[in-house]
Amino acid sequence: MPTPKCLFCNTEFQPPNLNSAYCSKAHYRLAKHDRQKMINDLTKNFRKGMYKNVKTLYKFLPEAGQVNIPLLEALKSGFDDAAFYGTYTSNGVEWHKVGSYLFTISEKENIKTLHIFKK
Ligand SMILES: [Zn+2]
Numbered sequence: 425m426p427t428p429k430c431l432f433c434n435t436e437f438q439p440p441n442l443n444s445a446y447c448s449k450a451h452y453r454l455a456k457h458d459r460q461k462m463i464n465d466l467t468k469n470f471r472k473g474m475y476k477n478v479k480t481l482y483k484f485l486p487e488a489g490q491v492n493i494p495l496l497e498a499l500k501s502g503f504d505d506a507a508f509y510g511t512y513t514s515n516g517v518e519w520h521k522v523g524s525y526l527f528t529i530s531e532k533e534n535i536k537t538l539h540i541f542k543k
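Residue 445 in my numbering sits at position 21 of the sequence shown; the count goes up by one each step and never skips.
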């Protein structure tokens, strides 16, 4: 069996048991800390992206209702068509959810329109 390498420092070590992936408890903790930081950064960026999209959609539709906007105009205002966290299909149309908004994009004669819906 080849000598395993620590997942944190990549040095070879003699594992005290077969399940050891790290050369020491310190490196196990440091790796865990790195993973947690990665998750925290991801969460932070996710929230930032979603918040920015909700803020942009709010500019177009502050109250409950529905509005259609040329996609280009929305994109110029900071709308991000990839920042959402759920998709619902209604009558064959896919609606994406972000905050209290649902949006979908349609295309007619090469012109894309953003449809925004708020409950
Ligand atoms: Zn190590």
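Think of the CB as a built atom: it goes at the ideal place given N, C-alpha and C, for glycine as much as any other residue. None of these values were measured; they are calculated from a predicted model.
Does DSSP put residue i in a helix, in a strand, or in coil?
| i | result |
| --- | --- |
| F432 | coil |
| G502 | coil |
| Y446 | coil |
| Y509 | coil |
Are there 16 or more other CB atoms within 10 angstroms of the CB of residue i, so buried, or fewer, so exposed?
| i | result |
| --- | --- |
| L442 | exposed |
| I540 | buried |
| N477 | buried |
| F527 | buried |
| L466 | exposed |
| A450 | exposed |
| V491 | exposed |
Using a threshold of 7 Å, is the CB atom of residue i nearer than that to any non-hydrogen atom of ligand 1?
| i | result |
| --- | --- |
| T435 | yes |
| F432 | yes |
| Y446 | yes |
| H457 | no |
| H415 | For residue 415 there is no data in the structure shown, the boundaries of the chain being 425 and 543. |
Taking residue i as part of the beta strand (DSSP E), name the residues at either end of that continuous run.
| i | result |
| --- | --- |
| N492 | 489 to 494 |
In terms of DSSP beta bridges, what is residue i paired with?
| i | result |
| --- | --- |
| F527 | H520, I540 |
| I535 | K532 |
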